[in-house]
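Peer 1: Below is one structure. I have some questions about it.
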Amino acid sequence: MSDQPRRPRKPGKPYRRPQKDPVRILAFEALRAVDERDAYANLVLPPLLRRAREGGDFDARDAALATELVYGTLRRQGTYDAIVAACVDRPLREVDPPVLDVLGLGAHQLLGTRIPTHAAVSASVELARVVLGDGRAKFVNAVLRKVAQHDLDGWLERVAPPYDEDPEDHLAVVHSHPRWIVSALWDSLGGGRDGIEELLRADNERPEVTLVARPGRATTEELLGEEAALPGRWSPYAVRLSEGGEPGAIRAVADGRAGVQDEGSQLVALAVANAPLDGPDRRWLDGCAGPGGKAALLAALAAERGATLLASEKQPHRAGLVAKALAGNPGPYQVVVADGTRPPWRPGSFDRVLVDVPCTGLGALRRRPEARWRRRPDDLDGFAPLQRELLRGALEAVRVGGVVGYATCSPHLAETRAVVADLLKQFPDTELLDARPLLPGVPQLGEGPDVQLWPHLHGTDAMYLALIRRTG
60 MSDQPRRPRK PGKPYRRPQK DPVRILAFEA LRAVDERDAY ANLVLPPLLR RAREGGDFDA
120 RDAALATELV YGTLRRQGTY DAIVAACVDR PLREVDPPVL DVLGLGAHQL LGTRIPTHAA
180 VSASVELARV VLGDGRAKFV NAVLRKVAQH DLDGWLERVA PPYDEDPEDH LAVVHSHPRW
240 IVSALWDSLG GGRDGIEELL RADNERPEVT LVARPGRATT EELLGEEAAL PGRWSPYAVR
300 LSEGGEPGAI RAVADGRAGV QDEGSQLVAL AVANAPLDGP DRRWLDGCAG PGGKAALLAA
360 LAAERGATLL ASEKQPHRAG LVAKALAGNP GPYQVVVADG TRPPWRPGSF DRVLVDVPCT
420 GLGALRRRPE ARWRRRPDDL DGFAPLQREL LRGALEAVRV GGVVGYATCS PHLAETRAVV
480 ADLLKQFPDT ELLDARPLLP GVPQLGEGPD VQLWPHLHGT DAMYLALIRR TG
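The sequence shown begins at 60 in our numbering and counts up by one.
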C-alpha cells in the first residue's frame, strides 16, 4: 500500500493536507530511533529537543509534552500493547512497527494523560497521515476509537489475567514489565505483593534529576542556590532538582565542578571511600570507571586525603568520558584504557578498589524504560562470566587489609549475591564487611552485610553493593 496521500474520488470534497504537529512528530522520531537503532531515549531525545528549540518550533511546554509522550509510551509499552492487541484483528507482530509507535503514542494520550479524548484521537490520526499516509491513518483511527471506549482501569480489568490465577502475568500487564523481570525483582525483594507492586509502580515514575557537588570543587550550598533545587535525601553531596530543573543551565555543572549522578551511585562511592581498612590508604582504583560519575566523586574524596585514584576503563570512548569528568580534580589522578580482567598493574597494588560491573541495568528502568523490553533472560548468561572475572581481578588488585567494593545497577540475584558468593569461595582469605553503617541515615537496608537500594524505598536506582576485605 502506498504511503502517498491520494485525493478522494468523491466530487466536491477537496483534498486536505495533513496538519504537521512538531511535538508529536518529534516524539514519533524518538520512538523510531529507539526501535530501529536500539538507541536510548535519554540520549536521543535531548538533541532532538535542542534542534527543535533552536528552530523556533518549541517552547518549554512543548518540550515537556514531547518528553512525557516519549517516556510515557516507553514505560507503559507492555500495557498499551496488550490493549491495542485487543483492538486489532491480527497479531501485533503483523502490524508494522511505525504503526505500533503511533498507536502507542495515541494510547498513552488517551489512557495516561489528561488530553481530551477527541484531541488525542485526532492528533494521532493527523500524525499518522503525516508519517504513515492516509491508508494506515484510517487503521490508526479505527483502533484508537476502540481504545477510547474504556479508561485504563477498565482496560486492565479486560486484558490483565486475575492476580489469583497468574500473579506474575497480572503484574506484568498492569505495571508494564516483562514477566521474567517481574519474577526476578520479586525474588530479590523476598516475596510479598505490596513490595513488588510498589517497586513496579516506582519504575514507571519519572525520576528526579540528582546532582553531586564534587568535594573541593563545589558545595551543596552553591547548588541549593539554584532555582528548583532541594537537598538530597541521603548523600551529603547530593542536590535534587524538582520537575523542570535543567542541569545543563547550572554553572557548576557546565564547569564540571558538579555533575548529574543518582544518589544511589553516590552512596556506593562514599561507602567504598569510607570502608574501614588495615594499613595505608594511598592508592585507589576504579576498575570499571566509565562514564565517570563514581570516579569523579572518588577522585575528589581521594584528593582530600592525599590519596591517588587510578580510573581504568576498557572502552576508549568511555575512558574519554571519564577523563572529562575528572578534569580539574584538585588532586592527582590517572585515567587509563585497560581491561580489568587482564590488568596492567601488579597484584596487591591498591588499598581500595571499586568495580561497578557491566550488568543488565534492571536497577535503572526508571531512567531507561526501553531497556526492559530489550533485555532477555539469557543476557544474564552473557554478563555472568565477565562479572566474576572483574571481581576476581579486583580481589587480586587489592592488598591484604584493603577493601573491594562490588557494585551493580541491577538487583537480580544472579548479578549480585550469586557473584559475590562464588568469588568468596575462590578467595577464602576474604571477609564480607557490613556495608550498612557506611550508609548513615538510610533506612530499610535489610539484614546485611551487603546492601540493596530500591527506587520505592530510597528514591534511588536499585544499586547493589558488597564490601569485601582481603585478610590474607
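All residues carry an ideal CB built from backbone N, CA and C; glycine is no exception.
Residues in its own chain within less than 7 Å of Arg65 by CB, not counting five upstream and five downstream?
Peer 2: Confidence is the limiting factor: at Arg65 the pLDDT is only 47, short of 50, which leaves the residue's position unreliable and the question unanswerable from this model.
Peer 1: Got a sec, what are the start and stop residues for the alpha helix (DSSP H) Leu454 sits in?
Peer 2: Asp438 to Ala456
Peer 1: I'd like to know if the segment 137-156 and the segment 97-111 are in contact, where contact means that at least 3 CB-CB pairs between them fall below 8 Å.
Peer 2: Between the segment 137-156 and the segment 97-111 there are fewer than three C-beta pairs closer than 8 Å, too few to call the two in contact.
Peer 1: List the endpoints of the continuous alpha helix (DSSP H) containing Phe87.
Peer 2: Pro81 to Glu95
Peer 1: Starting from the Cα of Gly351, find the closest Cα among Trp214, Gly390, Val394 and Leu124 and give me that residue.
Peer 2: Val394
Peer 1: Can you confirm whether the segment 428-440 touches the segment 366-384 when touching is taken to mean that 3 or more C-beta pairs between the two stretches lie within less than 8 Å?
Peer 2: Counting Cβ pairs under 8 Å, fewer than three are found: no touch.
Peer 1: By DSSP, does Val501 sit in helix, in strand, or in coil?
Peer 2: coil
Peer 1: Look up Trp513 in the DSSP assignment and say whether it is helix, strand or coil.
Peer 2: coil
Peer 1: Return helix, strand or coil for Leu300, following the three-state DSSP convention.
Peer 2: strand
Peer 1: Let me check understanding here. Comparing Cα to Cα, which of Ala317, Asp410, Ala145 and Arg426 lies closest to Ala553?
Peer 2: There is no way to answer for residue 553, as the model of the chain reaches only from 60 to 531.
Peer 1: I need the straight-line Cα distance from Gln320 to Glu280, nearest angstrom please.
Peer 2: 17 Å
Peer 1: What's the C-alpha gap between Pro237 and Pro436?
Peer 2: 10 Å
Peer 1: Which of helix, strand or coil does DSSP assign to Gln485?
Peer 2: helix
Peer 1: Report all residues from its chain with a CB closer than 8 Å to the CB of Ala98; omit the five preceding and five following residues, and keep chain order.
Peer 2: If the five residues before and after Ala98 are omitted, its C-beta is found closer than 8 Å to the C-beta atoms of Ala92, all from its own chain and listed in chain order.
Peer 1: Quick one: using the 10 Å Cβ neighbour count with 16 as the cut-off for buried, is Met60 buried or exposed?
Peer 2: A caution first: Met60 carries a pLDDT of 40, below 50, which makes its placement in the model too unreliable to give a value.
Peer 1: Taking the alpha helix (DSSP H) that Phe117 belongs to, which residues open and close that run?
Peer 2: Element bounds for Phe117: n/a, residue is neither H nor E.
Peer 1: Nearest to Asp80 by alpha carbon, out of Leu102, Thr176, Glu185 and Pro175?
Peer 2: Glu185
Peer 1: Tell me where the beta strand (DSSP E) around Trp343 begins and ends.
Peer 2: Start and end: Arg342 to Asp345.
Peer 1: Terminal residues of the continuous alpha helix (DSSP H) containing Gln320?
Peer 2: First-last for Gln320: undefined, no H or E at that position.
Peer 1: Mind checking who Gly464 pairs with in its DSSP beta bridge?
Peer 2: Leu413 and Leu526
Peer 1: Three or more C-beta pairs closer than 8 Å, one from the segment 267-277 and one from the segment 307-315: is that the case here?
Peer 2: yes
Peer 1: Would you identify the three-state DSSP class for Glu56, choosing helix, strand or coil?
Peer 2: Here the chain covers residues 60 to 531 and nothing more, so residue 56 does not appear.
Peer 1: Residues in its own chain within less than 6 Å of Gly407 by CB, not counting five upstream and five downstream?
Peer 2: Arg458
Peer 1: Closer than 7 Å by C-beta to Thr489: which residues in its own chain qualify, once you throw out the five before and the five after it? Chain order, please.
Peer 2: Correct list, in chain order: Leu454, Leu483, Ile527, Arg528, Arg529 and Thr530.
Peer 1: Which value, in whole angstroms, describes the spacing of the CA atoms of Glu506 and Val147?
Peer 2: 49 Å
Peer 1: Please list the terminal residues of the continuous alpha helix (DSSP H) segment that includes Ala355.
Peer 2: Gly352 to Arg364
Peer 1: I'd like to check one pair, Ser294 with Gln325: are the Cβ atoms closer than 9 Å?
Peer 2: yes
Peer 1: I want to check one thing, is the minimum distance from the CB of Arg149 to the heavy atoms of the ligand MG below 8 Å?
Peer 2: This structure lacks the ligand MG; in fact it carries no ligand of any kind.
Peer 1: Would you tell me roughly how many angstroms separate the C-alpha atoms of Leu289 and Ala361, rounded to the nearest one?
Peer 2: 27 Å
Peer 1: Are the Cβ atoms of Val463 and Val416 separated by less than 9 Å?
Peer 2: no
Peer 1: For Lys197, tell me which candidate among Ala125, Ala456, Val158 and Arg342 has the shortest Cα-Cα distance.
Peer 2: Selection Ala125, Ala456, Val158 and Arg342 evaluated against Lys197 yields Val158 as nearest (Cα-Cα).
Peer 1: By the 10 Å Cβ neighbour count, where 16 or more other Cβ atoms means buried, how is Gly163 classified, buried or exposed?
Peer 2: buried
Peer 1: Round the Cβ separation of Asn333 and Ala358 to the nearest angstrom and send it over; I've been treating them as touching at under 8 Å.
Peer 2: That pair is no contact at about 15 Å.
Peer 1: Taking the straight line between their C-alpha atoms, what separation do you get for Ala119 and Arg112?
Peer 2: About 9 Å.
Peer 1: Using three-state DSSP, classify Pro157 as helix, strand or coil.
Peer 2: helix
Peer 1: What does the Cβ neighbour count give for Lys353, buried or exposed, with the cut at 16 atoms within 10 Å?
Peer 2: buried
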